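Here the structure comes first, spelled out in structure tokens, and everything after it is commentary.
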Amino acid sequence: MPFGKQAFLCIYNLFIATDNKEEVIAMNEYQVEHLRTKDDHETLKIDNYFVHSRYSPLKEAERYIDKHYTFQHTHILFGYGAGHVHEAFKKQRKANELLITIDPLIKTKQLNIQKKHQQDYIFGAEMIEKLEFLLAHIDNETRTTFTILCTSNYDKIFPNVYKALLQKIKDIQEANRVNDYTIIRYADKWQENLELNLINLTKDASLVNLKKYYDAPVIIASSGPSLTKQLPLLNKIRKNIILISSGSTTNVLLAHGITPDFVVSMDGGEPNYKHFKDLKLTESKLVYTYQNHPGVREAFTQECFVCNNQGFSGVDSYMAKHIPTEIPVLLGGSTVANLAFSVGQYISTGPIAFIGQDLAYTGNVTHVSGHNHSKGISKEFLEEREGFETVGYYGDKVWTSPPMYSMKLEFEKMIVLHPPVNKFYNCTEGGVKIKGYEQCTFQEFCNEFIDTNIQFKKRPTNFEACIQEAEIQQLFEHELVQLTQCIELYEEGINVVEMNKSDERFTAKSLKKLEEIDGQARILLNDMLVDIILSPIVMSIINGFLPKENETVRQSYKRVKEQNLTLYKESIRALEKTKSYIENAMKKLQEVTS
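Sequential numbering from 431 applies to the sequence shown in the working numbering.
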């Protein structure tokens, strides 16, 4: 359930620290007239546009909502006006759907917010830029199901603001679609990788050991097509910087005689492993997350470092409880390039430059020349990948794709959630324009921040491993016991649901037993490392069994019964898989220790 507006204010103030006075002055230039209608209700006239009926604004609002209300959707209303559409929606909604109202005139104090609406989610235009944060904190279940409402003529009075709102909703939907698809596709593999990476923790250190360890400039290299033109200069200043490679970019750097100091990797798939399987990196250190393909670790001869990517709170809680060493949780978004930015800020106080961060098909190719996946693009290629044009680095139009655009949005979100202390610059000189990232040429960055007379000296890094082999063995054994107990509980739950006598409702006896089962399972799950593999099931249960409009008692019972059976059966499947992953990891651990 969404929490109240007052509870959100502390979060809201983090994003909106001060009023934009110039924006408020501009909005005050609009002429707002408060008038009474023939049926004695308030209407508004803004710059000669009536935003409500001059005769029956309440009936007009009710007709509008009757036509545009969408069951089980989050609704975004553009234009509060006199509050008639806002109120009509609140009366019409049938499942307590979330309503967020945005009006560019809110901060000007030219509107009369009805007393009964003052605790509702009503914001000025500045909230558009932060809308995903608001949604994440008040209704995290909203992913792609939005309905846009618009009070009459607001789209004509404030066309640019309305356009920005529509674009933001589209961006949120696209980012959530990509993220949800990634979770559903990789959850099983991530769970398997997690169990195997626990073994790597017996030889690797926590990244906490490198917190603000350096003060050198940081260059983050990614595999965008524009990287090619930056490589000669990168070679010249290589000894004067910390070089971080984003995943598979490592192969391109090595092919040009450039060895990175750190390689950041978080991709759990087989293609990521293939980039590293034939490498032996004697000078680079790997920084990886629990979800990373464990085979990548084999390419590095030195000790490596582990951290976690934000968004896996259950994993973080488990690790904090069971791993004796603190492991930092970094804001990493959906891709390795996002995480590399956080790693750069974490390990050094120096300025940061991005190169090769195109996030677009610059020059009609997918990756930098020499990358394993680099190839030219065609019209068919773009259609297959749902390619579209967006604003480029130089204000031009460039072709990108939903996954790459999602990465751009993550970069923009990162500097709002955690404003960097380090100076940071986008020196890609190509690709998409990333809002909030100051652009300069790579040469300009080097001229200002890099002293070629000062060579970066590597410091000794003899740090203790995160955990001992015997402790990991105990965790595995304990986890297997709990997994077995949880599976037995869910099997009992299936039996209770299927044996329920009524065809319209659960009996009191059945409900009591199901509550006991769910309570005991919850206790077990709270101390188990299974959040990742259960995530798609939770998403399915939340989104796949929503109440139907005007459903009967019998239909409701049938839906809830199927929901419970799906939860129990799918959870059993996931927990059985986890048991097999742990058993395999235990064999690997024995091989390491024997």
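Backbone N, C-alpha and C define an ideal beta-carbon position, used for all residues, glycine too. From a predicted model like this one, the values you see are computed outputs, not experimental measurements.
* Which residue from K669, F501, I495, D533 puts its Cα closest to that of A518? -> Within the sequence shown, residue 518 is the residue found at index 88, counting from 1. For the residues K669, F501, I495, D533, the minimum Cα distance to A518 belongs to I495.
* Excluding the 5 residues preceding and the 5 following E842 in the sequence, name in chain order all residues of the same chain whose CB lies nearer than 7 Å to its CB. => Counted from its first residue, the sequence shown places residue 842 at position 412. Excluding the 5 residues flanking it on each side, E842 has same chain C-beta neighbours closer than 7 Å at I864, K865, G866, in chain order.
* Asked: Do A512 and P487 have their C-beta atoms closer together than 8 Å?
  -> Taking the first residue of the sequence shown as 1, we reach residue 512 at position 82. Taking the first residue of the sequence shown as 1, we reach residue 487 at position 57. Taking 8 Å as the Cβ cut-off, A512 and P487 qualify as a contacting pair.
* **Buried/exposed call for S695, threshold 16 Cβ in 10 Å** => Counting from one through the sequence shown, the residue named residue 695 turns up at place 265. It counts as buried.
* Name the two residues that bound the continuous beta strand (DSSP E) containing H723. => In the sequence shown, residue 723 corresponds to position 293, counting from 1. Neither: H723 is in no beta strand (DSSP E) and is coded neither H nor E.
* C896: first and last residue of the uninterrupted beta strand (DSSP E) it sits in -> Numbered from its first residue, the sequence shown carries residue 896 at position 466. Where C896 is concerned, there is no enclosing beta strand (DSSP E), given that its DSSP letter is neither H nor E.
* Asked: Are the segment 647 to 657 and the segment 723 to 736 touching, with three or more C-beta to C-beta distances below 8 Å?
  -> Contact between the segment 647 to 657 and the segment 723 to 736 is absent, because fewer than three Cβ pairs lie under 8 Å.
* What residues in its chain sit with their C-beta under 7 Å from that of D634, if we drop five residues either side in the sequence? -> Sequence index remark: in the sequence shown, residue 634 carries index 204 (1-based). Same-chain partners within the cutoff: E733, C734, F735, V736, A895, C896.
* To do: Could you please give the first and the last residue of the uninterrupted alpha helix (DSSP H) stretch that includes F563?
  => The residue labelled residue 563 in the question sits at position 133 within the sequence shown. Element bounds for F563: 561 to 568.
* Reduced DSSP category for A651 - H, G, I as helix; E, B as strand; rest coil -> Translated into the one-based positions of the sequence shown, residue 651 becomes position 221. Three-state DSSP puts A651 in a strand.
* Environment of E945 [buried if 16+ CB atoms lie within 10 Å] -> For the purposes of this step, residue 945 is identified with residue 515 of the sequence shown, where counting begins at 1. With fewer than 16 other CB atoms across the displayed protein chains lying within 10 angstroms of its CB, E945 is exposed.
* **C-beta contact flag for A770 and S676 at 8 Å** => Working through the sequence shown from its first residue, we reach residue 770 at position 340. Working through the sequence shown from its first residue, we reach residue 676 at position 246. In contact: A770 and S676 (Cβ atoms closer than 8 Å).
* Asked: Could you check where the alpha helix (DSSP H) with R607 kicks off and where it finishes?
  -> Taking the sequence shown and counting its residues from 1, the one referred to as residue 607 is at position 177. Element bounds for R607: 589 to 630.
* Start-end ranges of the alpha helix (DSSP H) lying completely within the segment 523 to 547, minimum 4 residues -> Entirely contained in the segment 523 to 547, not one alpha helix (DSSP H) run reaches 4 residues.
* **Residues bridged to C580 (per DSSP)** => Taking the first residue of the sequence shown as 1, we reach residue 580 at position 150. Bridge partners of C580: F508.
* Would the beta-carbon of I506 be found less than 7 Å away from any heavy atom of the ligand ZN? -> Looking for the ligand ZN in the displayed structure turns up nothing, as the structure carries no ligands at all.
* Asked: If you scan the segment 899 to 979 from start to end, which runs of the alpha helix (DSSP H) of 4 or more residues do you find wholly inside it?
  -> Counting only runs of at least 4 residues, the segment 899 to 979 fully encloses the following alpha helix (DSSP H) elements, listed from N- to C-terminal order: 899 to 929, 938 to 955, 961 to 974.
* Roughly how many angstroms separate the alpha carbons of A951 and Q912, rounded to a whole number? -> On the sequence shown, residue 951 is found 521 positions in, with the first residue counted as 1. On the sequence shown, residue 912 is found 482 positions in, with the first residue counted as 1. Distance between the alpha carbons of A951 and Q912: 9 Å.
* Check whether the Cβ atoms of S778 and I667 lie closer than 8 Å to each other. => Start at 1 with the first residue of the sequence shown, and residue 778 comes out as number 348. Start at 1 with the first residue of the sequence shown, and residue 667 comes out as number 237. No. Outside cutoff.
* To do: State yes or no: is the C-beta of K827 within less than 8 Å of the C-beta of G699?
  => Here residue 827 is taken as the residue at index 397 of the sequence shown, counted from 1. Here residue 699 is taken as the residue at index 269 of the sequence shown, counted from 1. Taking a C-beta distance under 8 Å as the contact criterion, K827 and G699 do not qualify as a contact pair.
* Asked: K704 bridges to which residues according to DSSP?
  -> Counting from 1 along the sequence shown, the entry for residue 704 is found at position 274. Residue pairing for K704: DSSP places it in no beta bridge.
* With a threshold of 16 other CB atoms inside 10 Å of the CB of M431, please say whether the residue is buried or exposed. => Walking along the sequence shown from the start, residue 431 turns up at place 1. Unreliable placement is indicated for M431, whose pLDDT of 35 sits below 50; the coordinate value is still reported in the next sentence. Burial call: exposed.
* Asked: In chain order, what residues of the same chain have a beta carbon less than 7 Å from the beta carbon of N1083, not counting five sequence neighbours either side?
  -> Only positions 431 to 1024 of the chain appear in this structure, which leaves residue 1083 out of reach.
* Contacting residues, own chain, Cβ-Cβ under 8 Å from N681 (five flanking each side not counted) -> Your numbering for residue 681 matches position 251 in the sequence shown. Hits under 8 Å: H705, L709, G800, H801, N802.
* Can you pull the DSSP bridge partners for R466? -> Counted from its first residue, the sequence shown places residue 466 at position 36. Partner(s): E472.
* Would you list the one or two residues that DSSP bridges to L716? => Counting from 1 along the sequence shown, the entry for residue 716 is found at position 286. Partner residues in the beta bridge of L716, as assigned by DSSP, are V693.
* Asked: Within the chosen definition, does the segment 632 to 652 reach the segment 604 to 621 through at least 3 CB pairs nearer than 8 Å?
  -> In short, these stretches do not touch, since the Cβ pair count stays below three.
* Asked: Would you call the CB atoms of L561 and L529 closer than 8 Å?
  -> One-based indexing of the sequence shown puts residue 561 at position 131. One-based indexing of the sequence shown puts residue 529 at position 99. Not a contact, by the Cβ cut-off of 8 Å.
* **Beta bridge counterpart(s) of E868 as assigned by DSSP** => If you number the sequence shown from 1, residue 868 lands on position 438. DSSP, once it has assigned bridges, lists Y855 as partnering E868.
* Roughly how many angstroms separate the alpha carbons of I674 and S636, rounded to a whole number? -> In the sequence shown, residue 674 corresponds to position 244, counting from 1. In the sequence shown, residue 636 corresponds to position 206, counting from 1. Each residue's CA atom was taken as its position, placing I674 and S636 some 17 Å apart.
* **For A783, the residue or residues it bridges with in DSSP** => Start at 1 with the first residue of the sequence shown, and residue 783 comes out as number 353. BP columns for A783 point to I649, Y855.
* Touch check for the segment 964 to 973 and the segment 989 to 1008: three-plus C-beta pairs under 8 Å? -> Under the three-pair Cβ rule at 8 Å, the segment 964 to 973 counts as touching the segment 989 to 1008.
* Asked: Whose C-beta lies closer than 6 Å to the C-beta of V821 among residues of the same chain, with five residues either side of it excluded?
  -> To locate residue 821, count along the sequence shown from 1; it is residue 391. Closer than 6 Å at the Cβ level, and outside the excluded window around V821, lie K863.
* Can you tell me the Cα-Cα spacing of H723 and E490, whole angstroms? -> Translated into positions along the sequence shown, residue 723 becomes position 293. Translated into positions along the sequence shown, residue 490 becomes position 60. About 58 Å.
* To do: Note down the Cα distance separating M958 from K593, rounded to an integer number of angstroms.
  => By one-based count along the sequence shown, residue 958 stands at place 528. By one-based count along the sequence shown, residue 593 stands at place 163. Their backbone Cα atoms lie some 46 Å apart in a straight line.
* Proximity below 8 Å, CB of G554 to CB of I536 -> Position 124 of the sequence shown, counting from 1, holds the residue named residue 554. Position 106 of the sequence shown, counting from 1, holds the residue named residue 536. Yes, they are a contact pair.
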